[in-house]
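Here the structure is laid out as structure tokens; the discussion comes afterwards.
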Amino acid sequence: MKCVGVLASILLVGIFGFPCSANIVDPNRFAGNQLNASSNDINALPILKDAKQTENHQSLEQFKELKCDQNASSGDDDDDDFPPFFDDDQLRHGGIVVCFLMAIYSFTLLAIVCDKYFIPSIERLCEVLNISADVGAATFMSVATSCPELFTNLIATFVTGSSLGIGTIVGSSMFNSLGVASIGSLAAIRPIKLDWYPVTRDISIYMVAISILIAIVWDDHIYWYEGLTLFICYFLYFIVMFQNPRISRFIRRTIDKYRSNNKVDIAENGKVSESKEKEYNRDSVRASVASAFGSYAENVRRSAYENPEEFRKAREAQEAEEIKSLTKSPFTIPEGGFFTKFLFFYTWLIKMALRLTIPNPKTHPAWWPVTFMLCIFWIGGNSYIVSWMVTLIGNVLGIPSTVQGMTFVAAGGSLPETLSIAIMTRRGEGKMGVSNSLGANSMNILFSLGMPWFFSTMLKGTIVLQSGSIIYTIAALLLVALILYFTLYFNHFTLSKVTGCVLLPIYVICIVLACLSEMVFFKNNSC
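So the sequence shown is residues -22 to -1, 1 to 505, counted in mature numbering (1 follows the signal peptide of the UniProt record, and there is no 0).
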């Protein structure tokens, strides 16, 4: 039966595909039909035959130029994949400003829905399932932090067929590696000491993920088994994170043997009862949210265990203040300066829409499953709008989707991490923000790329990447990771003003070179 099906498929393709391919591919048909109608007479006259060949050659060149002009004006996206919004004339006469404003407002919505609803609902899920902080961070929290990039790649893969998704993830990785660390360093009031082991571990895993991605996109084609490889590595990453305490103890113990001044690890000295471990598990989960995969959650646990009573009182006071603010009337204008009032009016419509459609997990903890599902819906719809607006902007300005993903979409998608590390470093907790950025990089490559690619190749066949230099940009991520690590190493794993002043210019240079390589040096066209 399988052989019969294959033969029937070949027969149908031959019957219906040959005439269509002849109409599409044959350049002589594009040249016009006047000369074809009298081909016998023309072949008898050498002069007219040469004229026909010259005209056909010119027509073929015109056809190629037409295709190149279309590619240059519209990039590799097709706005017909989205509902009609503005035509080209309207976009060139002010409509593009509306697209920019809608995209920026969508990024604001993303930050609010993740911070106020999505992450608290996952915290509640971890409490209900009674899973540890590391396990919760490596599973549900990882999905939460990568949802924006995941939905962007889903839309780029299944809707537009563009390279916006991989461009966004590559740009986010570059921003998370250099941009987030530099912003955190510059925002820190005083130098913040990092633990060398989590930084080394996360960067090592990240470099392995980059190497796998380079091998996959080397030929600009994505096959089903390559998407499956990333998806499998995603679960292998879970196994490594689950065994992190054992791995950490083994590595630290091995290194301490070769150190003359062996230092006893704080975590090994701290004696915490099992009941207190469970009592402060939720605080560890909150720390794991900030650190994406619990890279620095052990440091937060240590502070909680050293002063448990003070930590509990501070946590309860903070939660009481949050619940009080949630029950406050949404029409009450807050006290403060101009910027506080501006933020209130700017975000009022978003907060009101979310308040009317999503149960808050802090005031309605039993409704956390509904909150979780509605947040997925909001994030998916928001990602669709962002992809839609960015596609329109790129079509008007002639910017490839990969460049848009590496710059505009990546910066907007990383807005929660940026705000998070800026706030935490002001409080002296920037180490968790650095871990968030490093863990999110590996998550985006293995899950946000692997899962959509695997299902798309299974359903629709091989994916062809529409980018001329994405392989070089991905390879540059290895250099970016090394730059980050050695910058921290020579600065004794400390976030300081010096670290920020070194990393921020390097990030700007890397982004500029990546955009130039995509638009100038390795422009993807056949012209």
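All residues carry an ideal CB built from backbone N, CA and C; glycine is no exception. Nothing here was measured: the structure is a model prediction, and the numbers come from that model.
Range of the contiguous alpha helix (DSSP H) that encloses residue i
i    : result
A89  : 74 to 91
E101 : 97 to 107
S163 : 158 to 165
D173 : Careful: D173 lies outside any alpha helix (DSSP H) and carries neither H nor E.
V486 : 475 to 494
I328 : 316 to 335
Q221 : No alpha helix (DSSP H) contains Q221, which DSSP labels as neither H nor E.
T349 : 346 to 375
T380 : 379 to 382
Check: residue i C-beta below 6 Å from any heavy atom of the ligand MG
i    : result
F228 : No copy of the ligand MG appears in this structure; indeed no ligand is present at all.
Neighbourhood of residue i by C-beta distance below 7 Å, restricted to the same chain and skipping five residues each side
i    : result
P169 : T472, L473, S474
F468 : none
S495 : S447, Y450, T451
F322 : I311, P312
I484 : L156, I461
Beta-carbon gap between residue i and residue j smaller than 7 Å
i    : j    : result
C493 : V381 : yes
S420 : Y83  : no
H199 : T477 : no
T435 : G205 : yes
S361 : F129 : yes
Y212 : G417 : no
L87  : I354 : no
L455 : S151 : yes
L191 : I423 : yes
M367 : C92  : no
T396 : I133 : no
Proximity to residue i [Cα-Cα], best of the options
i    : options                : result
Y95  : W366, W431, P339       : P339
A193 : I449, V486, N469, V490 : I449
S163 : V486, L466, L491       : L466
I97  : F153, L491, I357       : I357
V364 : M219, L79, A400        : L79
F85  : F464, G390, V137       : G390
S426 : G315, C77, L69, F209   : F209
T146 : A165, P126, F220       : P126
L437 : V195, I489, W202       : W202
A459 : L443, L352, V148       : V148
A166 : C479, V76, V498, Y236  : C479
V106 : P343, D234, R224       : P343
T369 : A81, Q68, H470         : A81
T178 : Y324, I487, F464, L334 : F464
T207 : Q221, M219, S189, N222 : S189
L443 : I484, A89, L172, V195  : V195
I487 : A400, R237, T385       : T385
D67  : I371, V490, P483       : I371
V218 : V186, V137, T232       : V186
S415 : L103, I90, F153        : F153
K171 : H470, L491, V498       : H470
Residues near residue i in its chain [Cβ-Cβ closer than 6 Å; skip 5 each side]
i    : result
V348 : P337
S99  : P339, W346, T349, F350
L352 : I336
S64  : Per the sequence presented here, residue 64 reads as Phe, with Ser not at that position. Counting only Cβ-Cβ distances below 6 Å, and skipping sequence neighbours, we find G73.
Residue i - partner residues in DSSP beta bridges
i    : result
H199 : V442
T472 : K171
Other residues of its chain near residue i: CB distance less than 8 Å, five sequence neighbours each side excluded
i    : result
T135 : G143, P430, W431, S434, I441
L462 : S155, L156, A159, I181, L481
P24  : Because P24 sits at a pLDDT of 46, beneath the cut-off of 50, its placement in the model cannot be relied upon, and the following sentence gives the value as read from the coordinates. Same-chain partners within the cutoff: there are none.
L375 : I74
D28  : Bear in mind that a pLDDT of 47 at D28, under 50, signals an unreliable position, so the model cannot answer this.
R70  : V374
S124 : A418, M421, N422, F425, S426
Any chain B beta carbon closer than 7 Å to residue i
i   : result
D93 : The question asks about chain B, but that chain is absent: this structure has only one protein chain.
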